[in-house]
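*Asks:* The structure's right below; bear with me while I get my questions together.
2 protein chains.
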Amino acid sequence: MLCAVERPPFLLPIDKAGRSDYTCKRYHFLWRVCIKLWEMSTSPADQNTTLKEISRRLGISPSTVSRALSGQDLKRPQARQRAEEIRRLAAELGYAPNSIARSLKTNQRRLIGLIIPDIMNDYYATAATLVQETLAEEDYRVMLCVTNDDPRTEAMQMRVLREERVAGIIRVPAPQDPAVKMAPLRASPIPVVELVRRSSSHQFDAVLLDDVQAGFQGTAHLLELGHREIAIVLGPLSVETARQRLEGYRLAFERAQVPVNEALICSGPYRREVAYSVTLALLDRPHRPTAIIATSNELVIGTLQALAERGMRVPEEISLVGFGNADWFTLLRPSLTTVALPIRQMAVVAAHTLLARIRALHDPTAVEQIEAAPVVSRYATQLIVRQSTQPPAHGSSIRTDECL
Amino acid sequence: MLCAVERPPFLLPIDKAGRSDYTCKRYHFLWRVCIKLWEMSTSPADQNTTLKEISRRLGISPSTVSRALSGQDLKRPQARQRAEEIRRLAAELGYAPNSIARSLKTNQRRLIGLIIPDIMNDYYATAATLVQETLAEEDYRVMLCVTNDDPRTEAMQMRVLREERVAGIIRVPAPQDPAVKMAPLRASPIPVVELVRRSSSHQFDAVLLDDVQAGFQGTAHLLELGHREIAIVLGPLSVETARQRLEGYRLAFERAQVPVNEALICSGPYRREVAYSVTLALLDRPHRPTAIIATSNELVIGTLQALAERGMRVPEEISLVGFGNADWFTLLRPSLTTVALPIRQMAVVAAHTLLARIRALHDPTAVEQIEAAPVVSRYATQLIVRQSTQPPAHGSSIRTDECL
DNA sequence: CTGAAAGCGCTTACAG
DNA sequence: CTGAAAGCGCTTACAG
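The structure is reproduced here in structure tokens:
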């Protein structure tokens with residue numbers, strides 16, 4: 007049975023149900039012939055122009071076209087003129103070289119993978135922007151992978167990036183799950199630079215914060231103001247950054263010779279809902295803390311939502327220190343005191359580090375660099391005091407002393 | 007002159023300046039032989055495993071390996087067992103198929119390009135996330151391109167995406183510049199879906215807002231509250247969305263039978279600094295407006311900064327309507343009245359539209375669909391009244407009446 | 001300086 | 001069911 011279509015072979019075999027069946031033996035040959043005819047009749051603009059097409063039109067070899075377009079400098083004026091002609095025709099035909107074929111041949115890709123937990127988070131959006139811009143300067147493209155902090159998603163994405171043969175990877179590792187094992191990366195020569203967080207293998211270059219300092223700065227500020235009951239809202243302790251921020255928190259208490267109230271240490275996934283309910287729980291305690299530190303952009307949002315819901319006056323009733331430096335922090339009333347994280351700088355450095363590794367990989371004289379131990383750098387954070395912190399109200403202060 | 011290195015050929019010709027010179031004729035042959043030897047001695051884990059490598063190890067043909075890994079169902083138990091063996095070895099060697107080679111052969115890429123103005127903007131970050139998630143469900147990857155609303159950057163990125171032979175493109179077009187001409191897209195069969203904004207060619211599917219309604223809703227709300235001197239901060243009028251939002255503004259005035267004060271219509275690039283200085287200028291006028299509408303996420307930020315700098319009390323002294331629905335809008339005090347834009351839904355629809363086009367392109371029976379006119383949909387916006395708007399103070403109101 | 005040829009790593013009709 | 005062969009669109013040593 008046949009039905010008419012507007013494309014070759016114009017008559018198409020269909021089965022009784024009316025569905026076309028290209029594999030139908032009887033029409034197979036006809037089908038192929040028609041496809042060929044169709045392709046020949048089709049205007050070349052409909053297909054992607056190839057080197058071969060250009061060379062055919064000019065009656066020269068594809069090699070010559072390739073060389074002309076790659077801009078090899080020629081000496082003989084005759085050759086130059088010909089190259090000019092080739093370029094003109096290429097432009098006219100809208101020739102766009104097939105970078106897939108080129109990559110396959112040259113075994114080089116100007117593409118890197120960027121793996122981040124969440125792009126709606128101001129902090130990572132900033133990182134993504136800067137990585138993208140820095141790499142664009144060197145003519146590298148970015149493939150964007152969002153993990154939502156799920157280790158399985160991340161493992162899948164690592165595999166995809168390997169299959170894509172990206173030149174390198176910049177990633178903020180997801181929290182690790184012993185159940186999910188990553189394919190051994192040693193097997194592939196793809197350079198990886200870790201940003202913000204470090205995975206436990208410790209085999210990659212990493213551009214990190216001084217997280218201990220970050221935790222310390224926020225806590226010390228509140229201690230100096232006279233707070234004693236300081237709650238801290240942390241990410242999961244399986245993430246090294248969260249552990250280190252806690253370490254900084256403890257260190258500040260130790261230096262101030264004030265004992266830590268373990269009940270005020272809260273930890274959970276980096277999601278606003280978590281920070282929201284954790285903060286509500288903190289506020290509903292009989293002895294509520296006089297200050298809170300929320301240790302990430304997401305956690306700040308949840309904490310602010312909870313404070314708003316309970317109608318807490320900041321900083322009169324409770325002080326708040328945020329982490330990061332989203333633009334809207336300054337638009338809040340009171341504006342938010344925060345531990346600013348130099349993510350822009352870090353993103354740029356991560357991109358440059360990766361580019362250096364990629365270059366070393368293509369340069370056989372740089373063996374030492376390739377096999378050198380991973381480079382880990384840590385960036386200082388900076389406390390920015392705004393309006394959301396002040397000394398604790400007298401009442402709370404006394405109550406706190408009673409607790410001790 | 008020679009120097010020793012740890013990689014083949016172990017002795018490397020170097021010139022007088024100590025730089026290595028691989029093209030040196032004398033050592034060229036030696037060099038190639040050594041490379042070969044090195045490659046043979048190298049453990050296969052250092053190279054990316056190929057089908058050929060697997061087939062060599064098992065003494066079978068690459069075809070068979072390819073078929074086994076692509077999971078063709080086999081009937082004979084003997085064949086099944088062999089396939090199992092092949093898969094096991096592949097896993098053991100950490101085989102990751104080269105998707106470049108596969109794409110070159112099959113002429114199909116599971117990669118789409120996403121072009122957006124700015125990823126630090128909450129609005130576009132949300133769009134990017136949803137596009138990425140929706141496409142990931144269908145196993146498509148996303149190449150991220152940020153234009154900063156620069157038409158030249160956009161044109162370059164379109165070219166790169168063509169060269170990458172992406173399966174499709176979702177883009178928020180940058181404002182158009184007559185000086186920059188895009189390569190004719192008709193020449194390539196890459197489907198494009200436009201999101202949020204529509205380029206002037208009107209040849210692509212587009213998923214848009216009802217921008218007239220959006221402008222209308224915000225303005226009508228303020229008019230109903232009794233405001234007459236309502237300033238509007240718009241993006242560049244070369245962007246259709248900005249023109250249409252303005253149209254909605256005018257329409258609301260017309261319906262309310264109130265004349266428009268043209269001096270209160272401000273337009274400029276979608277950047278916070280612009281909105282900031284525009285707003286300062288508005289506030290410094292002798293007859294300042296009693297209300298402002300900022301028609302994008304970026305513009306809202308700039309306007310808020312200016313209001314804060316002048317210490318304006320919102321809504322007592324001036325009312326403010328924002329656009330979009332960033333989470334932090336609700337954390338402001340007063341929380342922000344806004345025209346919410348259904349960007350999440352739109353991003354998902356754009357992704358599905360693109361997927362449908364891609365499928366149609368691979369299905370020769372769907373000619374009609376391919377050549378059908380572009381599909382344009384517009385999504386309704388929704389006014390969310392919060393705390394930043396209230397009727398104008400009596401004084402201002404009278405002053406306004408005096409003006410008329 | 002140019003062209004013929006090989007080959008990057010796959011897939012897939014074709015012949016056995 | 002399997003293997004030999006062709007070919008996707010490029011680049012690039014090699015021989016003229």
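Sequence order for the protein chains is A and B. In this text, residue positions in the first sequence follow our numbering: the first is 7, and each later residue adds one. In this text, residue positions in the second sequence follow our numbering: the first is 7, and each later residue adds one. Where a beta carbon is used, it is the ideal one built from N, C-alpha and C, also for glycine.
1. Out of A/V178, A/L229, A/I236 and A/Y146, state which residue places its alpha-carbon closest to the alpha-carbon of A/L214.
2. Output, in chain order, the set of chain A residues within a Cβ distance shorter than 9 Å of B/Q351.
3. For chain A, check one thing: does any of its Cβ atoms lie closer than 9 Å to the Cβ of B/I324?
4. Can you list, in chain order, the residues of the stretch 100-115 of chain A whose Cβ is nearer than 8 Å to any Cβ on chain B?
5. Given the structure, does A/E98 come close to the ligand SAM, in the sense that its CB is under 8 Å from one of the ligand's heavy atoms?
6. Please determine, among B/E200, B/H233 and B/R277, the residue with the shortest C-alpha to C-alpha distance to B/R294.
7. Going by DSSP, which residues form a beta bridge with B/E149?
8. Once DSSP output is grouped into helix, strand and coil, what is the label at A/K42?
9. Closest by CA to A/L289, which one among A/I236, A/R251 and A/G241?
10. Along chain A, in chain order, which residues have C-beta atoms closer than 9 Å to that of B/Q250?
11. Tell me which same chain residues have a C-beta within less than 6 Å of the C-beta of A/F485, skipping the five on either side of it?
12. Please list, in chain order, the chain A residues whose beta carbon lies closer than 9 Å to that of B/Q138.
13. B/R147 to A/A362, Cα distance in whole Å?
14. Quick one: which chain A residues come within Cβ less than 8 Å of B/Q311?
15. Would you kindly work out how many angstroms separate the C-alpha atoms of A/R93 and B/Q138, rounded to a whole number?
16. Establish whether the CB of A/E246 and some CB of chain B are separated by less than 9 Å.
17. Tell me A/H388's beta-bridge partners as DSSP assigns them.
18. May I ask you to report which of helix, strand or coil DSSP gives A/F259?
19. Alpha carbon to alpha carbon, how far is B/I349 from A/A248?
20. Grab the span of the alpha helix (DSSP H) containing A/S105 for me, first residue to last.
21. Listing by chain order, which chain B residues have their CB less than 8 Å from the CB of A/A134?
22. Take every Cβ of the stretch 85-102 of chain A, pair it with every Cβ of the stretch 83-99 of chain B, and state whether three or more of those distances are shorter than 8 Å.
23. Is any beta-carbon of chain B found at less than 9 Å from that of A/I331?
24. Which residues does DSSP list as the beta-bridge partners of A/S383?
25. Determine the direct distance from the alpha carbon of A/T387 to that of B/S49, and round the result to whole angstroms.
26. To the nearest angstrom, how far is it from the Cα of B/R339 to the Cα of A/L310?
27. Checking contacts by CB at 9 Å: is B/R392 closer than that to chain A?
28. Nearest chain A C-beta to B/D216 closer than 9 Å, yes or no?
29. Name the residue from A/L117, A/I66, A/A287 and A/D216 whose alpha carbon lies nearest to the alpha carbon of A/P197.
30. Compare the beta carbon distance of B/R171 and B/N113 with 9 Å and say whether it is the shorter of the two.
31. Using 9 Å as the threshold, is the C-beta distance between A/L367 and A/I176 below it?
32. At a Cβ threshold of 9 Å, is A/A131 touching chain B?
33. Does A/P195 come within less than 9 Å of chain B when only Cβ atoms are used?
34. Pick helix, strand or coil for B/A314, following the three-state DSSP scheme.
35. With 9 Å as the threshold, decide whether the Cβ of B/A314 is near any Cβ in chain A.
36. Compare the C-alpha of B/V202 against each of B/A399, B/G328 and B/Q250 and name the closest.
*Replies:* Walking through what the data contain:
1. Counting from 1 along the first sequence, the entry for residue 214 of chain A is found at position 208. For the residues A/V178, A/L229, A/I236 and A/Y146, the minimum Cα distance to A/L214 belongs to A/V178.
2. For the purposes of this step, residue 351 of chain B is taken as residue 345 along the second sequence, with counting starting at 1. The contacting residues do not exist; B/Q351 stays about 15 Å from chain A at best.
3. As a first step, residue 324 of chain B must be located in the second sequence, where it is residue number 318. Cβ-Cβ to chain A under 9 Å: no for B/I324.
4. Hits within the stretch, in order: G100, A102, P103, N104, S105, I106, A107, S109, L110 and R115.
5. This structure does not include the ligand SAM; it has no bound ligands of any sort.
6. Here residue 294 of chain B corresponds to residue number 288 of the second sequence, with the count starting at 1. Residue B/H233 is the option with its Cα nearest to B/R294.
7. Residue mapping note: residue 149 of chain B aligns to position 143 of the second sequence, counting from 1. Glu is not the amino acid found at residue 149 of chain B; the sequence shown has Met there. Looking at the DSSP output, B/M149 sits in a beta bridge with A/M149 and B/G119.
8. In the first sequence, counting from the first residue as 1, residue 42 of chain A sits at position 36. Because the pLDDT of A/K42 is 43, which lies under 50, any placement of that residue in the model is unreliable, and the number read from its coordinates should be weighed accordingly. In the structure shown, A/K42 sits in a helix (DSSP, three-state: H, G or I).
9. Here residue 289 of chain A is taken as the residue at index 283 of the first sequence, counted from 1. For A/L289, the nearest C-alpha among the options comes from A/I236.
10. For the purposes of this step, residue 250 of chain B is identified with residue 244 of the second sequence, where counting begins at 1. Here the premise fails: no neighbours, minimum Cβ distance about 26 Å.
11. This structure gives no information on residue 485 of chain A, because the portion of chain A shown stretches from 7 to 410.
12. Position 132 of the second sequence holds residue 138 of chain B. Neighbours of B/Q138 on chain A, chain order: I125, L150, C151 and V152.
13. As a working mapping, residue 147 of chain B is identified with position 141 in the second sequence. As a working mapping, residue 362 of chain A is identified with position 356 in the first sequence. Roughly 26 Å separates the two Cα atoms.
14. Position 305 of the second sequence, counting from 1, holds the residue named residue 311 of chain B. Within 8 Å Cβ-Cβ: T336 and L337.
15. Translated into positions along the first sequence, residue 93 of chain A becomes position 87. Translated into positions along the second sequence, residue 138 of chain B becomes position 132. Distance between the alpha carbons of A/R93 and B/Q138 is about 37 Å.
16. Taking the first residue of the first sequence as 1, we reach residue 246 of chain A at position 240. So, not an interface residue.
17. Counted from its first residue, the first sequence places residue 388 of chain A at position 382. The displayed chain sequence assigns Gln, not His, to residue 388 of chain A. DSSP output for A/Q388 lists A/A346 as bridge partner(s).
18. Working through the first sequence from its first residue, we reach residue 259 of chain A at position 253. If DSSP states are grouped into helix, strand and coil, A/F259 belongs with the helices.
19. Residue mapping note: residue 349 of chain B aligns to position 343 of the second sequence, counting from 1. Residue mapping note: residue 248 of chain A aligns to position 242 of the first sequence, counting from 1. Taking the straight line from one Cα to the other gives about 33 Å.
20. On the first sequence, position 99 is the one that residue 105 of chain A refers to. Per DSSP, A/S105 belongs to the alpha helix (DSSP H) from S105 to T112.
21. For the purposes of this step, residue 134 of chain A is identified with residue 128 of the first sequence, where counting begins at 1. Going along chain B in sequence order, the residues near A/A134 (Cβ under 8 Å) are I125 and L150.
22. Cβ pair count under 8 Å is below three, so no.
23. As a working mapping, residue 331 of chain A is identified with position 325 in the first sequence. Per the sequence presented here, residue 331 of chain A reads as Asn, with Ile not at that position. It does not; no Cβ of chain B falls within 9 Å.
24. Walking along the first sequence from the start, residue 383 of chain A turns up at place 377. Partner(s): A/V213.
25. Stepping through the second sequence from its first residue, residue 49 of chain B is reached at position 43. Stepping through the first sequence from its first residue, residue 387 of chain A is reached at position 381. At B/S49, the pLDDT of 39 sits below 50, so the modelled position is not reliable and the matter cannot be decided from this model.
26. As a first step, residue 339 of chain B is located in the second sequence; it is residue number 333 there, counting from the start. As a first step, residue 310 of chain A is located in the first sequence; it is residue number 304 there, counting from the start. Straight-line Cα distance between these residues: approximately 11 Å.
27. Position 386 of the second sequence holds residue 392 of chain B. Cβ-Cβ to chain A under 9 Å: no for B/R392.
28. By 1-based counting over the second sequence, the position of residue 216 of chain B is 210. At least 9 Å separates the CB of B/D216 from every CB of chain A.
29. Looking up residue 197 of chain A in the first sequence gives position 191. For the residues A/L117, A/I66, A/A287 and A/D216, the minimum Cα distance to A/P197 belongs to A/L117.
30. Within the second sequence, residue 171 of chain B is the residue found at index 165, counting from 1. Within the second sequence, residue 113 of chain B is the residue found at index 107, counting from 1. Cβ atoms of B/R171 and B/N113: closer than 9 Å.
31. Here residue 367 of chain A refers to the residue found at position 361 when the first sequence is read from its first residue. Here residue 176 of chain A refers to the residue found at position 170 when the first sequence is read from its first residue. No. Outside cutoff.
32. Against the first sequence, residue 131 of chain A aligns to sequence position 125. Taking 9 Å as the CB threshold, A/A131 lines the interface with chain B.
33. Here residue 195 of chain A refers to the residue found at position 189 when the first sequence is read from its first residue. Yes - at least one Cβ of chain B is within 9 Å of the one on A/P195.
34. Walking along the second sequence from the start, residue 314 of chain B turns up at place 308. Helix.
35. Here residue 314 of chain B refers to the residue found at position 308 when the second sequence is read from its first residue. Contact of B/A314 with chain A is assigned, a C-beta pair being separated by under 9 Å.
36. The sequence position of residue 202 of chain B within the second sequence is 196, counting from 1. Minimum Cα distance to B/V202 is reached at B/Q250.
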